[in-house]
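Everything on this sheet refers to the single structure shown next.
In the numbering used here, the protein residues as written are 63 to 370.
As structure tokens, this is what we get:
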């Protein structure tokens with residue numbers, strides 16, 4: 063089959079492309095980075111260099127394809143995340159309709175139906191096609207964004223250790239933590255991008271008659287259990303996951319210079335996870351868990367952690 067993969071050579075799209083090529087499909091990978099062309103072609107796929115913000119580019123690339131995997135990369139620079147997500151989804155929908163694509167797999171998130179600013183799933187509802195919405199849990203790879211917090215270096219690191227772990231932790235060098243407006247003993251479904259890629263690869267070859275939703279996870283545990291696994295892998299077995307209030311989280315994101323609406327959306331997303339609603343929805347759909355466990359990912363994480 064002729065399959066279009068969006069997301070360049072990201073955490074999901076790269077293993078997905080490798081799987082599809084190994085299965086003998088004709089794959090085209092869309093990337094906005096011309097430097098990725100050689101790497102894409104080295105996998106045996108065709109490279110389509112352009113932006114999903116360019117609807118005419120999408121229309122040209124989608125022509126003649128059998129299946130499209132559509133994902134919208136999260137932007138940390140857009141002033142209004144919701145408006146950006148909606149524009150990109152509209153571009154996809156318009157191009158998919160004109161190309162008359164009959165099988166579409168759309169990447170979403172497990173909190174999408176609970177977070178107004180993130181949910182653009184409805185944009186695809188009117189297409190005359192077989193559509194599956196993917197709702198993966200919290201990515202293992204999100205831990206990479208917290209490396210500085212886990213290291214706990216500098217004045218900020220010492221201040222946070224003193225505030226949330228106490229003077230003894232600071233004096234004994236037990237610095238570092240994870241934090242968010244979900245955390246502590248909140249139960250979360252974590253997921254490996256490799257397991258997401260496997261699930262997407264399965265869905266691309268199916269043709270359900272009705273719109274379907276597929277949740278994807280690799281392992282369920284509390285945030286503090288996850289913190290101990292990550293902490294032990296990097297030599298910090300005391301690592302814990304501090305639960306902040308929504309107000310504290312919003313203030314922290316604004317101090318980090320994130321656009322206000324993006325910060326509000328991220329807080330809303332984490333609040334949904336803290337509420338337990340995301341976990342409830344996940345279990346209602348009874349998905350099969352993936353193969354990659356957090357302990358396995360933690361070894362990869364530790365290698366990157368110690369390089370920085």
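Ideal Cβ positions, reconstructed from N, Cα and C, are used throughout, including at glycine.
So, are the CB atoms of residue i and residue j less than 9 Å apart?
i, j, result
"residue 63", "residue 177", "no"
"residue 312", "residue 325", "yes"
"residue 115", "residue 91", "no"
"residue 359", "residue 279", "no"
"residue 352", "residue 256", "yes"
"residue 125", "residue 156", "no"
"residue 201", "residue 154", "no"
"residue 254", "residue 129", "no"
"residue 83", "residue 266", "no"
"residue 198", "residue 258", "yes"
"residue 89", "residue 79", "yes"
"residue 261", "residue 85", "no"
"residue 335", "residue 248", "yes"
Where does residue i sit, in a helix, a strand or coil, going by DSSP?
i, result
"residue 244", "coil"
"residue 99", "helix"
"residue 254", "coil"
"residue 129", "strand"
"residue 83", "helix"
"residue 339", "helix"
"residue 92", "strand"
"residue 371", "The structure shown does not extend to residue 371, since the chain spans only 63 to 370, so no value can be given for it."
"residue 353", "coil"
"residue 121", "helix"
"residue 236", "coil"
"residue 64", "strand"
Which residues in the same chain as residue i place their Cβ atom closer than 8 Å to its Cβ, once the five residues preceding and following it in sequence are excluded?
i, result
"residue 299", "290, 293"
"residue 94", "70, 111, 112, 113, 114"
"residue 143", "136, 137, 179, 180, 321, 323, 324, 327"
"residue 87", "63, 64, 65"
"residue 316", "322, 325"
Strictly under 9 Å for the Cβ-Cβ distance: is residue i near chain D by that measure?
i, result
"residue 157", "Judged by its chain identifiers, the structure shown contains no chain D, having just a single protein chain."
Excluding five sequence neighbours on each side, which residues of the same chain lie with their C-beta closer than 7 Å to the C-beta of residue i?
i, result
"residue 246", "285, 286, 303, 305"
"residue 141", "321, 323"
"residue 164", "191, 192"
"residue 102", "71, 91, 93, 109"
"residue 269", "165, 192"
"residue 242", "306, 311, 332"
"residue 159", "189"
"residue 366", "206"
Please list, in chain order, all residues of the same chain as residue i whose beta carbon is under 6 Å from its beta carbon, the five residues on each side excluded.
i, result
"residue 169", "133, 196"
"residue 212", "238"
"residue 339", "176"
"residue 281", "252, 355, 356"
"residue 231", "223"
Can you check the region 192–224 for any beta strand (DSSP E) of at least 3 residues that lies completely inside it and give the ranges in chain order?
192–198
Fully enclosed by the region 262–331, which beta strand (DSSP E) runs are 3 residues long or longer?
274–278, 281–284, 303–305
Unbroken stretches of the alpha helix (DSSP H), 4 residues or longer, contained in the region 131–173:
143–161
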